[in-house]
Amino acid sequence: MSLAAYCVICWRRIGTSTPPPKSFTYWREIRNIIKFTGSLILGGSLFFTYEVLALKKSLTLDTQVVEREKMKSYIYLHPVPLDKRENHGIAWLARKELHKAVRKILAASAKILQSPFADTFSTVDIEDHECAMWLLLKKSKADERTARLEAVQEMSETHHWHDYQYRIIAQACDARTLIGLARSKESDLRFFLPPPPLPSLKEDSSIEEELRQLLASLPQTEVDECIQYFTSLALSESSQSLAAQKGGLWCFGGNGLPYAESFGEVPSATVETFCLEAIVKHSEIPTHCDKIEASGGLQLLQRLYQLHRDCPKVQRNIMRIIGNMALNEHLFSTIVHSGWVSIMAEALKSPHIMESSHAARTLANLDRETVQERYQDGVYVLHPQYRTSQPIKADVLFIHGLMGAAFKTWRQQDSERILIEKTLEDEDRYTTCWPKTWLARDCPALRIISVEYDTTLSDWRAGCPAERKTIAFRSNELLSKLRAAGVGDRPMIWISHSMGGLLVKKMLLEASQKPEMSPVISNTRGIIFYSVPHHGSHLAEYSVNIRYLLFPSLEVKELSKDSPALKTLQDDFLEFAKDKSFQVLSFVETQPTYIGSMIKLHVVPVESADLGIGELIPVDVNHLNICKPKKKEAFLYQRTLQFIRETLAKDLEK
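The sequence shown begins at 1 in the UniProt record's numbering and counts up by one.
Structural data, given as structure tokens:
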């Protein structure tokens, strides 16, 4: 405005004054206008440049701080304080308005050039390769679920970043993103920070003592008899061990006698096993999980996990406990901050199926972003264990027999003769679990679940109620767990070995009597039985020692040919299956099974394996190998695969 006023005055002077020489007066006024205009433009340019540089400095991420702090727990942004003397008057207000205008210009240009973009971050002082990282980090915290999933996928597929960039993501991402990265197959392990340092053990204390104290602190009231028995036995055995370590004598008598595998066994390992087995049972109760967390159990279990990396049994029980605790959403934050997600992300990539499957269960329970099902203890997803874009159209469930397990029952035949190193080279040639490798590769649209119910601790359970070992009790427990895992929401096929087939029949009968379980019946498309003793087994005719070697005595009684429970189950199932459309395929062994070095036993004869429905195929193998194909091209596997494909053909085409 001052410039305009001055120009008006000059022109009025030119028009009203008595001119000496006309040309002289004209050029003099022009020179004055140019002089003042140039000065004003130059001054305004300098002021504008200063303000832009000041704004740039205030928006710049201090990369030197990032470099210094990249290995620490936090990233610090260094704010630039305003000069207090500039916070007053017209100049301060003008500067504030100018900053607003420049921010709008920067945001608009960023949206045009690098959409989507957030005004929190600026490319003013960030290299091109840095910008993508920050954009993904911001996108992973978006309100839209689809955008968050895309961000995690893009992060997991990035393999060209520097180490410090992975560390920045690890430090700055939220728990939801970290869990998503852990469940992404291509994720770099550099996304995961090492677990925080563990607290020191108390003075004059050992890890066995602290584990015993943790178990003793858990509530003993309002729990079933089995948990009470496990806890009392573990505390009793640990007392003997601790007494021995402090100068006493380790005694293998009493209740400890069945667990003395050798006199060279380390007592502390035995104590830890007892205590962990008991804590596994306690961790199935949500309120007890809270107590474990409050007592520092997550850190104590992590110390044990690191100490016993060469002991699969200890590691298995620890991962079972963490997996059970992961069923409680209010504990998610504590589990993440204690470093267990980093441990599980590494375990998920392990070539050992036990380790990877337990890690997959824990991470799936933590991943509420993409997983709605709850995987309780004993329910393991063999495929898919990672997040996947492959739509899952059907389920296949594997149920082992007594003295079996979720993984080893379904291994390839002759596994003991093949070195582990060779198995890692070619899973098509050998696999430790053919449903996880062969079947998952041949039918990627299937969710493959393997179930494990506890039979290895039958001696321990001598003080437990006997009904807990019956087919009726086990089937009711498994059915509840499978329904929580979403079984019944999709078409499915049951695959069972030995007594596992009896459990399948009992589960279907129970589901037919409960309205809330009706989806399990309506979505059952087929059943495969591997040597299932529908009409009983000769096993019960042998001595008590032989029965103890194969099955607990109660199960053996239920498997006898004159068992009323077995006959009722068979009759009820045939009546139930009359008006059902599911398909049935049965295999039966024709060779005896060696028990020890002297006794041969034909566990399930052909007439007992005949359900009376569907096709029955005799196979020239023994009872243990009836569910273990020799190779992928073997008849056992190929016929099983054919049945699955034909039975689910319509569902897989949808």
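Glycine included, each C-beta is placed from N, C-alpha and C at the ideal position.
Taking C-alpha atoms, which residue in the options lies nearest to residue i?
i	options	result
Phe230	Trp134, Cys275, Gln213	Cys275
Ala405	Ile292, Thr49, Phe332, Gly378	Gly378
Pro219	Thr287, Tyr594, Ile41, Gly43	Thr287
residue 662	Val152, Val606, Glu589	Not covered by the structure: residue 662. The range shown for the chain is 1 to 654.
Arg176	Tyr637, Arg368, Gln390	Arg368
Pro491	His352, Ile613, Glu646	Glu646
Glu210	Gly296, Glu607, Gln583, Gln153	Gly296
Leu439	Met133, Val487, Arg639	Arg639
Gln321	Val280, Ala345, Ser333, Thr334	According to the sequence displayed, residue 321 carries Ile and not Gln. When each option's Cα is compared against that of Ile321, the closest is Val280.
Leu479	Glu51, Glu510, Val584, Ser496	Glu510
Ala345	Leu189, Cys131, Asp562	Leu189
His623	Trp410, Asn523, Lys469, Asp143	Trp410
Leu201	Leu301, Gln153, Thr270	Leu301
Could you please give the first and the last residue of the uninterrupted alpha helix (DSSP H) stretch that includes residue i?
i	result
Leu479	471–484
residue 708	Lying outside 1 to 654, the shown extent of the chain, residue 708 is not represented and no answer is given.
Met403	First-last for Met403: undefined, no H or E at that position.
Pro564	564–577
Gln413	Gln413 -> no alpha helix (DSSP H), and no H or E assigned at all.
Arg176	175–182
Asn317	312–325
Lys650	649–653
Using the three-state DSSP reduction, which class does residue i fall into: helix, strand or coil?
i	result
Ala394	strand
Gln583	strand
Pro629	coil
residue 676	Look at the range of the chain in this structure, 1 to 654, and you will see that residue 676 is not part of it.
Leu446	strand
His160	coil
Glu589	strand
Leu601	strand
Ser271	The residue you asked about is not Ser; residue 271 is Val in the sequence shown. DSSP places Val271 in helix when its eight states are reduced to three.
Ala364	helix
Ala345	helix
Tyr386	coil
Val619	strand
Glu265	Confidence at Glu265 is low in this model, with a pLDDT of 41, below 50, so its placement is unreliable and no value can be given for it.
Tyr166	helix
Tyr305	helix
Tyr594	strand
Leu550	With a pLDDT of 46 at Leu550, under the threshold of 50, the modelled position of that residue is not reliable, and no figure is offered here.
His352	coil
Phe635	helix
Phe121	For Phe121, the pLDDT reaches just 43, beneath the cut-off of 50, and the residue's location in the model is therefore unreliable, although a value from the coordinates is still provided. Coil, per DSSP.
Leu559	helix
Cys131	helix
Ala440	helix
Lys141	coil
Arg374	coil
Pro194	coil
Glu186	coil
Val487	coil
Asn32	helix
residue 655	It is not possible to answer for residue 655, since the shown part of the chain is limited to 1 through 654.
residue 709	Because the chain here runs from 1 to 654, residue 709 falls outside it and cannot be looked at.
Ser283	coil
Glu607	helix
Specify, as a first and last residue, the run of the beta strand (DSSP E) that residue i falls within.
i	result
Val336	Here Val336 belongs to no beta strand (DSSP E); instead the alpha helix (DSSP H) covers 332–337.
Leu613	According to the sequence provided, residue 613 is Ile. The question's Leu does not apply to it. Taken as a continuous stretch (DSSP letters only), Ile613 belongs to no beta strand (DSSP E), as it is neither H nor E.
Tyr453	Note, Tyr453: premise wrong, no beta strand (DSSP E); not H, not E.
Val379	379–383
Kindly say whether residue i, judged by its beta-carbon, lies nearer than 9 Å to any beta-carbon of chain B.
i	result
Val606	Here there is only one protein chain, and chain B is not present.
Could you tell me how far apart the beta carbons of residue i and residue j are, in whole angstroms, since I believe they sit closer than 8 Å?
i	j	result
Ile169	Met155	7 Å
Leu397	Val451	7 Å
Val520	Gly501	That pair is no contact at about 16 Å.
Ile528	Lys506	Not really, about 17 Å apart at Cβ, beyond 8 Å.
Ser586	Gly614	6 Å
Ala484	Arg374	5 Å
Pro312	Met354	6 Å
Ser184	Tyr386	6 Å
Item to check | Segments of 3+ residues assigned as beta strand (DSSP E) that fall wholly inside the region 489–540 | outcome: 492–497, 524–530
Checklist entry - Which runs of the alpha helix (DSSP H) fall wholly inside the region 198–239 and span at least 4 residues, in chain order? => result 207–217
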